[in-house]
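Everything below concerns the one structure shown next.
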Ligand code: PMP
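Spelled out as structure tokens, the structure:
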């Protein structure tokens, strides 16, 4: 890896200050049980593979549709919206980046988000030189909605909420999201619903009602397409137009032909979607009980992972011991959550292997 000790003069100040996101390990050796980056343990719908094959056989010499209209139409139809209320990108990370750039660079005002949440938000505020105000979560790692509402009413650049939150898995009811939307009617409230399909409540139903609501979702988790890189955002047409301005300023094609074909097929296979997400939710609830039997405190989860700590065992050491037994889980160094492990839900067989390894370690 390239390591720089002195900041080169070439780098702009935001880049010099930037602490880049540290992704979870993507192992280069086979045979590991991968419960560390919240992927779906099941493959995507077989219809996805067929659609990608067909798309690969015709037209790869042509550029993709710069407006990704077919995919936006499919997503809009699925969620009862119009295509001009849907924006697509290469994974929701890219969609979030465009949203930060388009809406949160409000001079002299801070973007509000919880101090325990998806760590990419902090990276994007640094990258785009946005002031960030991190709002403390409570003892139980719950978002303090009262404090956010009170702070937002004094003026802010916007609010970002992951719902369910990451890495806790805790969900907020829509009544709380509505309180946030009403607290800053002139600023965007971005609700990142990467994990919502595993038992959370989506704010998509509020899009027509709140012009300041932007909801981001991804096909990486519940549609098993982390490798394809497709995410989207829904909101009223003026918000989508703001995102499109930013995207067009990079002259970037949002989605390539293969990803677009695969994503459309995935969005259209409701049966596969329902089967796999229900299997994941069932395995999650089972694993939660097994971890509790082993003495773990496990937060309630509406996501495809659980967040757990053991009162008698150091989380970093547990993660290392699991790694030696070929099981990968995620551990974060941030002091507030350093005693927790984030464990993605695998197949029942993978969850069993985790429990067996934990029993041997404890
Ligand atoms: N939001 C949250 C809360 C996430 O955990 C992730 C996955 N790391 C993403 C967004 C981004 O996912 P993707 O870019 O694969 O859509």
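Numbering (the UniProt record's numbering), first residue to last: 25 to 386.
Glycine included, every Cβ here is placed at the ideal spot set by N, Cα and C.
At a cut of 8 angstroms, does the stretch 38 to 49 reach the stretch 239 to 254 through at least three beta carbon pairs?
-> no
beta-carbon residue 255 near the ligand PMP non-hydrogen atom, thresh 8 angstroms | yes
In chain order, which continuous runs of the alpha helix (DSSP H) of length 4 or greater are located wholly inside the stretch 314 to 385?
-> 339 to 348, 372 to 385
For residue 169, does the three-state DSSP call read helix, strand or coil?
-> helix
Are residue 95 and residue 350 close, meaning C-beta to C-beta below 9 angstroms?
-> no
Option in 179, 163, 152, 146 with minimal Cα separation from residue 185 | 146
Residue 219 CB to nearest heavy atom of the ligand PMP below 8 angstroms | yes
Do you know whose CA, among 263, 376, 366, lies nearest residue 109's CA?
-> 263
Residues of its chain near residue 375, where Cβ-Cβ distance is below 6 angstroms and the 5 sequence neighbours each way are ignored | Excluding residues within five positions, the ones whose Cβ falls inside 6 angstroms are 307, 311.
Leaving out five residues before and five after residue 343 in sequence, what residues of the same chain have Cβ atoms less than 8 angstroms from its Cβ?
-> 353, 354, 355, 365
Have a look at 345, 305, 135, 68 and flag the residue whose alpha-carbon is nearest the alpha-carbon of residue 372.
-> 305
Rounded straight-line distance, which links the Cα of residue 236 to that of residue 210 = 7 angstroms
If I'm right that residue 218 touches residue 116 with Cβ under 8 angstroms, what's the distance once you round it to whole angstroms?
-> 6 angstroms
Hey, out of 141, 303, 224, whose CA is closest to residue 183's CA?
-> Of 141, 303, 224, the smallest CA-CA separation from residue 183 is found for 141.
Comparing alpha-carbon positions, which option in 363, 348, 293 lies nearest residue 323?
-> 363
Would you report the Cα separation of residue 316 and residue 103, rounded to the nearest angstrom?
-> 37 angstroms
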